[in-house]
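See below for the structure under consideration.
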Amino acid sequence: MKEKKIAKSELTSFLDSLISEYKVFAPVKRDGFVAFQEIHSGSEALLDYANSKKPPKEIFLPQSEVLFTYRLGGEGLGIEEPSFEDEPMVIFGIRPCDARSLVILDNIFNSQEYKDVYYTNKREKTLVIAIGCNQPSSTCFCASLGGGPFSPEGSDLILIDIDEEYVVQPVTDKGERLVKKHSQFREVKPRGLSSMRKVTQKAEALIKSKVETGEVKKKLDRMFDDPFWDWLHEKCLGCAVCTYLCPTCHCFDIADEATDRGGRRVRIWDTCAFPLFTLEASGVNPRPTNKERMRQRVMHKFKHFVDNYNVAACVGCGRCIKECPVNLDIRAVLNSILNR
Amino acid sequence: MKNPYLPLAMRAEKIVIETDDKNIKTFSLSFLNEAEESGFNYLPGQFAQLSVLGEGEAPFGIASSPTEPGVLEFTVNKTGVLTTALHNLEEGAIIGMRGPLGNCFPLEAFKGKNIIIVGGGFAFTTLRSLVKYILYHENRSQFGNVTVIYGARRPGLLLYKDEFKQWEARPDLDVYLTVDKADDGWRGKVGVVPNIIKEVAPSPEDAYAVVCGPPIMIKFTLPVLRQLGFPPERTALSLEMKMKCGIGKCGRCNIGNKYVCQAGPVFTLAQLNELPGEY
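Just so you know, the sequences run in chain order A and B. Reading the first sequence from the start, the letters are residues 1 to 340 in this note's numbering. Reading the second sequence from the start, the letters are residues 1001 to 1279 in this note's numbering.
Below is the structure:
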């Protein structure tokens, strides 16, 4: 599909016109960190940021979400489903790694057998507009996971910053239709395309960390009983920040919140890093210590997910590296696995 | 689009105390809505999530058989928050139910085979479903000889006592009941389940073994079955794990790359041997 361009000075007016038609989520600064939130004016969107602290998965899988409400005392269970909104949505300014994470999550929530209506309802009506990464961070390793700073996977449209303007690459038909519809997009000259190539090459060279994740899977296939797991977890505090901030971690708990006449059933992010995650009512816990739980996290991402969906449950965004309080670096973990 | 998280409304028609410690009850549930009943098709070995609204939800094997329409039965051991809430209910109470979930016993592979059904303690629930399914008059001729070996710590802890009495009287299945410790009125066998299997010594020829029980029983039963000559491919087990969604999404009941709620709860020993021993 043919590239276009949009001047940075026209971006706000483009976002404003999107806002008139869609519910638009964009990165904004909130309480000192960057997060994806609904914006009501194009000028609210933050454009010069590395990545959000919390991944945009929360737009589709909120940290806490009502599955249904109920009222006691009537006929039957008195259950009421939440209303599913019809308003189409746009995520603007998502990074290519996080856009890929949505495709990975689709494997779980949009599976053949059971469609998770809460997720798919929002996902299907959302346009994804990514901005490529001219300045990857030192913790970025997307290129090792089949992505890259300008990877189109998961996006409908991707914007590449070439100083005064963005080169716009439509990825899907939906993206192309959006470009055709809005007057802010114009023809891009060969000079613009050659600056784009320079920018992308420079950014790709900035990603220094490299892990052979394909080889990791082969090693993990035979490593369940490896003594490696005995010490890997030693400095882990079990705080679970790595899983909460991971754009592909999707485990959740389901709980009831009750009053005397009714209540609601909610699902809440949960994590394999916590002992209660697998604790059975009998007292049995198949993953009783940090050892088993750390093994589960690594195995789920780099072995089980590959077995089941032919893709690792990691996009190399580096959030778990940045935020780990004890500097447990997943790249170092993977490299140690390669050396086993 | 169907929402897989919404429970259906069921009425507790009958609640029966099974054991002398009153810790295990069987709930007979009926559908409030007839259309929902006709859309609910299950096979022995499958499970469902039972809800007490305000308390939560937990998975239970279905103890009734699809050959007895109009009723769904669950046998519940009082252990945690939800099972206590279920035990506190009275007949007529409305219970939420989501299902059927998981796979079933390998019924196609069972056809034409002799079936050895081994159970222990309160883990006879889906085995009861299987026995009833096989004994159903339209199904019985599809299976060979059926042997049931079932044990508990003492006679008062055996489930489904009245049904076992009827089954013992039938000519088309062999029933061996055993307890670890007998009381005065006990006329069955005495001894742990693995020892009774050794004594009964069912032939592995053209046979399939199905085992459900507490971990300690499983641990000592599997070597006995192996010694008798049952290959791992013809030894089926049903597993339990902590579950929330029951539909392969919430991420907690996996053994290796298999979710017990979807790939299981029934596995052959051959399948389990391929997976890590984390259960």
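Where a beta carbon is used, it is the ideal one built from N, C-alpha and C, also for glycine.
CB contact check: residue i to chain B, cutoff 8 Å
{"i": "A/His250", "result": "yes"}
{"i": "A/Glu215", "result": "no"}
{"i": "A/Thr278", "result": "yes"}
{"i": "A/Tyr244", "result": "no"}
{"i": "A/Gly76", "result": "yes"}
{"i": "A/Ile104", "result": "no"}
{"i": "A/Cys272", "result": "yes"}
{"i": "A/Asp163", "result": "no"}
{"i": "A/Gly238", "result": "no"}
{"i": "A/Ser111", "result": "yes"}
Any C-beta of chain A under 8 Å from that of residue i
{"i": "B/Asn1276", "result": "In the sequence on display, residue 1276 of chain B carries Pro and not Asn. True, the Cβ-Cβ gap to chain A drops below 8 Å."}
{"i": "B/Lys1249", "result": "yes"}
{"i": "B/Thr1075", "result": "no"}
{"i": "B/Pro1004", "result": "yes"}
{"i": "B/Cys1245", "result": "yes"}
{"i": "B/Glu1091", "result": "no"}
{"i": "B/Leu1053", "result": "yes"}
{"i": "B/Thr1221", "result": "no"}
Beta-carbon proximity check, residue i vs residue j, cutoff 8 Å
{"i": "B/Gly1099", "j": "B/Tyr1160", "result": "no"}
{"i": "A/Leu127", "j": "A/Asp156", "result": "yes"}
{"i": "A/Phe25", "j": "A/Gln184", "result": "no"}
{"i": "B/Thr1075", "j": "B/Thr1026", "result": "yes"}
{"i": "A/Thr69", "j": "A/Glu80", "result": "yes"}
{"i": "A/Val171", "j": "A/Pro152", "result": "yes"}
{"i": "A/Arg331", "j": "A/Val211", "result": "yes"}
{"i": "B/Pro1044", "j": "B/Tyr1133", "result": "yes"}
{"i": "A/Phe150", "j": "A/Thr200", "result": "yes"}
{"i": "B/Gln1049", "j": "B/Cys1104", "result": "no"}
{"i": "A/Val266", "j": "A/Ser83", "result": "no"}
{"i": "B/Gly1248", "j": "B/Pro1276", "result": "no"}
Proximal residues of chain B, C-beta to C-beta of residue i below 9 Å
{"i": "A/Arg293", "result": "The contacting residues do not exist; A/Arg293 stays about 11 Å from chain B at best."}
{"i": "A/Ile108", "result": "Gly1248, Lys1249, Gly1251"}
{"i": "A/Leu67", "result": "Asn1003, Tyr1005, Leu1006"}
Inter-residue CB distance, residue i and residue j (contact presumed, cutoff 8 Å)
{"i": "B/Ala1209", "j": "B/Arg1234", "result": "7 Å"}
{"i": "A/Ile6", "j": "A/Tyr166", "result": "5 Å"}
{"i": "A/Thr271", "j": "A/Cys251", "result": "6 Å"}
{"i": "A/Ile94", "j": "A/Pro136", "result": "Not really, about 15 Å apart at Cβ, beyond 8 Å."}
{"i": "B/Val1071", "j": "B/Leu1029", "result": "7 Å"}
{"i": "A/Pro96", "j": "A/Gly175", "result": "That pair is no contact at about 14 Å."}
{"i": "A/Ile39", "j": "A/Ile91", "result": "The Cβ separation is near 11 Å, so there is no contact."}
{"i": "A/Gly154", "j": "A/Arg197", "result": "No, A/Gly154 and A/Arg197 are not in contact; Cβ-Cβ is about 22 Å, not under 8 Å."}
{"i": "B/Thr1019", "j": "B/Leu1157", "result": "5 Å"}
{"i": "B/Val1179", "j": "B/Ala1152", "result": "6 Å"}
{"i": "B/Tyr1176", "j": "B/Lys1189", "result": "6 Å"}
{"i": "A/Phe36", "j": "A/Ser17", "result": "The pair is not a contact, with the Cβ atoms about 20 Å apart (cut-off 8 Å)."}
Interface residues of chain A facing residue i [CB-CB closer than 7 Å]
{"i": "B/Arg1128", "result": "Those within 7 Å of B/Arg1128 in chain A number zero; the least Cβ separation is about 21 Å."}
{"i": "B/Ala1009", "result": "Gly76, Leu77"}
{"i": "B/Lys1242", "result": "Thr278, Leu279, Glu280"}
{"i": "B/Gly1056", "result": "Ala255, Asp256"}
{"i": "B/Asn1254", "result": "His304"}
{"i": "B/Thr1147", "result": "The contacting residues do not exist; B/Thr1147 stays about 29 Å from chain A at best."}
Under 7 Å from the C-beta of residue i: neighbouring residues of chain B
{"i": "A/Glu58", "result": "Per Cβ cutoff of 7 Å: no residues; A/Glu58 is ~16 Å from chain B at best."}
{"i": "A/Asp116", "result": "Lys1249"}
{"i": "A/Asp307", "result": "Asn1257"}
{"i": "A/Tyr70", "result": "Leu1053"}
Neighbouring residues, chain A, relative to residue i (Cβ below 8 Å)
{"i": "B/Thr1079", "result": "Ala281, Ser282"}
{"i": "B/Tyr1279", "result": "Pro286"}
{"i": "B/Ile1094", "result": "Gly76, Leu77"}
{"i": "B/Thr1083", "result": "Ala281"}
is_contact[residue i, chain C] using C-beta, thresh 8 Å
{"i": "A/Glu81", "result": "Within the model displayed, chain C is absent; protein chains A and B are what it includes."}
Residues that residue i contacts on chain B, provided the C-beta gap is smaller than 8 Å
{"i": "A/Gly263", "result": "Leu1053, Gly1054"}
Heavy atom of the ligand MG within 7 Å of residue i beta-carbon
{"i": "A/Asn335", "result": "Annotation note on the ligand MG: not contained in the displayed structure, which lists no ligands."}
Chain A contacts from the segment 1020-1035 of chain B (Cβ-Cβ distance under 9 Å): Leu1032, Asn1033
Can you list, in chain order, the residues of the segment 177-190 of chain A whose Cβ is nearer than 9 Å to any Cβ on chain B? none
Which residues, taken in chain order from the segment 197-229 of chain A, show a beta carbon closer than 7 Å to some beta carbon of chain B? With the criterion set as a beta carbon lying under 7 Å from some beta carbon of chain B, the members of the segment 197-229 of chain A are Phe224, in sequence order.
Got a sec: which bits of the segment 1112-1137 of chain B sit with their beta carbon under 8 Å from any beta carbon on chain A, in order along the chain? none
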